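Written out below as structure tokens is the structure these notes cover.
2 protein chains.
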Amino acid sequence: MKYKRSQRLIDMTQYLINHPYKLTPLTDFVERYQSAKSSISEDLGIIKSQFLQSDLGLIETVAGVSGGVRFIPKMSKQVAYNHIQNLCDYLKNPERMLPGGYFYLTDIIGNPTYLRLIGQVIATRFADQEVDAIMTVATKGVPLAQMAALYLNVPFVMVRRDSKVTEGSTVSINYATKGNPRVEKMELTKSSLAEHSKVLLIDDFMNGGGTISGMLAMLKEFNSECVGVSVLCEVHQENHEMDFPIDSLMRLEKSADNTEIVELAPGSILAHMSDD
Amino acid sequence: MKYKRSQRLIDMTQYLINHPYKLTPLTDFVERYQSAKSSISEDLGIIKSQFLQSDLGLIETVAGVSGGVRFIPKMSKQVAYNHIQNLCDYLKNPERMLPGGYFYLTDIIGNPTYLRLIGQVIATRFADQEVDAIMTVATKGVPLAQMAALYLNVPFVMVRRDSKVTEGSTVSINYATKGNPRVEKMELTKSSLAEHSKVLLIDDFMNGGGTISGMLAMLKEFNSECVGVSVLCEVHQENHEMDFPIDSLMRLEKSADNTEIVELAPGSILAHMSDD
Chain A
1 MKYKRSQRLI DMTQYLINHP YKLTPLTDFV ERYQSAKSSI SEDLGIIKSQ
51 FLQSDLGLIE TVAGVSGGVR FIPKMSKQVA YNHIQNLCDY LKNPERMLPG
101 GYFYLTDIIG NPTYLRLIGQ VIATRFADQE VDAIMTVATK GVPLAQMAAL
151 YLNVPFVMVR RDSKVTEGST VSINYATKGN PRVEKMELTK SSLAEHSKVL
201 LIDDFMNGGG TISGMLAMLK EFNSECVGVS VLCEVHQENH EMDFPIDSLM
251 RLEKSADNTE IVELAPGSIL AHMSDD
Chain B
277 MKYKRSQRLI DMTQYLINHP YKLTPLTDFV ERYQSAKSSI SEDLGIIKSQ
327 FLQSDLGLIE TVAGVSGGVR FIPKMSKQVA YNHIQNLCDY LKNPERMLPG
377 GYFYLTDIIG NPTYLRLIGQ VIATRFADQE VDAIMTVATK GVPLAQMAAL
427 YLNVPFVMVR RDSKVTEGST VSINYATKGN PRVEKMELTK SSLAEHSKVL
477 LIDDFMNGGG TISGMLAMLK EFNSECVGVS VLCEVHQENH EMDFPIDSLM
527 RLEKSADNTE IVELAPGSIL AHMSDD
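Here it is as structure tokens:
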């Protein structure tokens, strides 16, 4: 069946949005819509300029025999900043401070609207980086890692603190956390990550950085490389225990006794996003 | 700025896809595009018919003052069946049988393409049901619950088997599993689910049904109601230990000694999807 331009524009828009980073040959569209290549190119030009205007991201054309077109989700820095600032304002509630200096984020992590925002921001920051996989620690890091994985179109793996019989053979490592004399353990299913992967680490909350250090140790076991670390909320500290740069969406400053929010503001990830 | 029809079609398509179930007044589009209401209605007609043709779902128009338009993600039964059959063929690998009769699904659960499919199938099945929230058990149920939550546009909550200090006050229940003399425990943060919610339960793998029974007990603690149970893979059994109907995407039949796959086929969820 031959498609009209209006039909092609709708179908290509949904296709590109639902297949981020997938390189699709123009001939696929030619066949799908029974339309001339020149018409498809024109369509893509219209979509490209509207995607920029709608702040969705880039439509990239790759020339050559193995070329095609792909959609790179990107959000402008200003829009990201405004959304994160609104999120900070919403979260600046003293009742969210939990015993031990933790911060209640569970509702955000189960909310589709906030998850989409978080995924888009992280995907924008690492759009120009080569990422083979995303790694996170169960449980609360999982939804964040998954959203970034959806927008970057890469798989994600879940490191666990408890052993489960339902996973097959695992690799386990021990790691220490600042201010906690106990040595902790984490495990990852052996077959879930290929050797020599370029991995983006994602977690929900970073205090001393012990969990991130654990994941970095885990990466070594898989001969894999960390290409970035992103957390939803980072606790402001003079010096973290690791020397890997952290891309945080929010930065929390607490009172010395861990009971009050002194400041909650957009984090370092914005500084690393390019201007529009 | 006034938008052309081609621009409106692209922007409305992305907006509707990124905001499933959200009722948007037509006047919002009129203002956004500086276009006449009649033009917006025409656009929506074109989008509606193309969304059906692209097997994305329904564009519903709600009349009246508080009315508007919304997108209901739905996949046709035949397309869902084909995708699930392909997934079964791919998974029918004896190496996936794990000790204890478990089945290796971790890679599927970390793969954006499969996750999108699973989310769409579950959302299609429960599109006509009133769902306030989705509940799952950490860890492997989380990505599935999250995908259904994204397509149904409802929050999801994560029940945990371990206690964490980072969650605030919790409600905990004990439950027994068939063939396991140990009584298990699960916990949910008190503030994460409102009383009298209509809840859809989602998990990755169902053998005896103990975990689902645990979640049903948890719902009672929140005076909430179960409106459906969906699992990625259900083990074929003469009788499950609960009497709630299960919507499974796949049904696994194992040899009596738990070491071989006898059959892996599309599950009961397809029977409950309406014909196109």
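Heads up: the sequence lines are chains A and B, in that order. Residues in the first sequence are numbered from 1 upward in steps of one, following this note's numbering. Residues in the second sequence are numbered from 277 upward in steps of one, following this note's numbering. Ideal placement from N, C-alpha and C gives every residue a C-beta, glycine not left out. Computed from a predicted structure; not experimentally measured.
Which first and last residues belong to the beta strand (DSSP E) in which S6 of chain A is found?
-> Not the beta strand (DSSP E): S6 of chain A falls in the alpha helix (DSSP H), residues 5–18.
What does K474 of chain B pair with, by DSSP beta-bridge criteria? B:E501
- Item | Own chain residues within Cβ distance below 6 Å of N483 of chain B, not counting five before or after | V511
Inset, instruction - Verify the CB distance criterion: does N450 of chain B have a CB-CB separation below 9 Å to chain A? - result: no
Margin query: Counting only Cβ pairs nearer than 9 Å, list the residues of chain B close to E167 of chain A.
Written below: L374, Y378, Y380, T382, K416
Practice item. Along the beta strand (DSSP E) that carries P349 of chain B, what are the first and last residues, could you check? Key: 344–349
CA nearest to the CA of D247 of chain A, picked from A:I17, A:I118, A:K37, A:Q78: A:I118
Check your understanding: Quick one: is P285 of chain A buried, meaning 16 or more other Cβ sit within 10 Å of its Cβ, or exposed?
Key -> Residue coverage of chain A in this structure runs from 1 to 276, which leaves residue 285 of chain A outside it and unanswerable.
Using alpha carbons as the reference points, say which of B:N456, B:V447, B:V503 lies closest to G376 of chain B. B:N456
Buried or exposed: F498 of chain B, going by 16 or more other Cβ atoms within 10 Å of its Cβ?
buried
Counted within 10 angstroms of its Cβ, other Cβ atoms place K278 of chain B as buried (16 or more) or exposed
exposed
Residues in the same chain with beta-carbon distance under 6 Å from E130 of chain A, minus the five sequence neighbours each way, listed in chain order, please. K198
- What are the residues of the stretch 424–435 of chain B that lie near chain A, defined by any Cβ-Cβ distance shorter than 7 Å? A425, L426, N429, P431, F432, V433, M434
Check your understanding: Thinking C-beta only, is L285 of chain B closer than 9 Å to S192 of chain A?
Key -> no
- Message: I'd like the list of long-range same chain contacts for Y309 of chain B, defined as Cβ closer than 6 Å, with 5 residues on each side in sequence excluded.
- Response: Y279, R284
Problem set entry | Residue nearest to S230 of chain A in terms of C-alpha spacing, selected from A:S39, A:L219, A:P266, A:D204 | A:D204
Note to self: Which residues in chain B have a C-beta closer than 9 Å to the C-beta of S213 of chain A? List them in chain order.
What the structure shows: None at all; the shortest Cβ gap to chain B is about 18 Å.
Kindly indicate if chain A contains any beta-carbon less than 9 Å away from that of T300 of chain B. no
Check your understanding: Counting pairs of Cβ atoms below 8 Å between the stretch 251–264 of chain A and the stretch 208–228 of chain A, do you hit three or more?
Key -> no
Check your understanding: Exposed or buried, what is R458 of chain B when buried is set at 16 or more other beta-carbons lying within 10 Å of its beta-carbon?
Key -> exposed
Item to complete: Evaluate contact between the stretch 57–69 of chain A and the stretch 133–142 of chain A, counting only Cβ atoms and requiring at least three cross-stretch pairs below 8 Å.
Response: no
Contact list for the stretch 506–532 of chain B against chain A, Cβ threshold 8 Å: none
ask   = Thinking just about the alpha-carbon of each residue, which of B:M494, B:D365, B:F305, B:F432 is nearest to the one in M462 of chain B?
value = B:M494
- Where does I522 of chain B fall in DSSP's three states? coil
Looking at the unbroken beta strand (DSSP E) that takes in F156 of chain A, where does it start and where does it end?
-> 156–159
Comparing the C-beta of N387 of chain B with each C-beta of chain A, is any distance below 9 Å?
yes
From which residue to which residue does the beta strand (DSSP E) around A356 of chain B run? Premise fails: A356 of chain B lies in the alpha helix (DSSP H), 353–367, not in any beta strand (DSSP E).
Check your understanding: Can you list the residues of chain B that I10 of chain A reaches, using a CB-CB cut of under 8 Å?
Key -> L285, I286, T289, I322, I323, Q326, F327, S330
- Anyone know if the C-beta pair for S76 of chain A and D287 of chain B falls short of 9 Å? no
**Asked** For L216 of chain A, which residues from the same chain have a beta carbon less than 8 Å from its beta carbon, with the 5 sequence-adjacent residues on both sides left out?
**Response** L201, C226, M242, F244
Backbone CA spacing between G64 of chain A and Y114 of chain A [nearest angstrom]
39 Å
| field | Identified DSSP bridge partners for S506 of chain B | value | B:I478, B:D523
In this structure, how does DSSP classify T453 of chain B when only helix, strand and coil are distinguished? strand
**Message:** Please confirm whether Q422 of chain B has its beta-carbon closer than 9 Å to some beta-carbon of chain A.
**Reply:** yes
Need the endpoints of the alpha helix (DSSP H) that L44 of chain A sits in, please.
37–53
* Option nearest I72 of chain A by Cα separation, candidates A:E238, A:L16, A:R161, A:G210 -> A:L16
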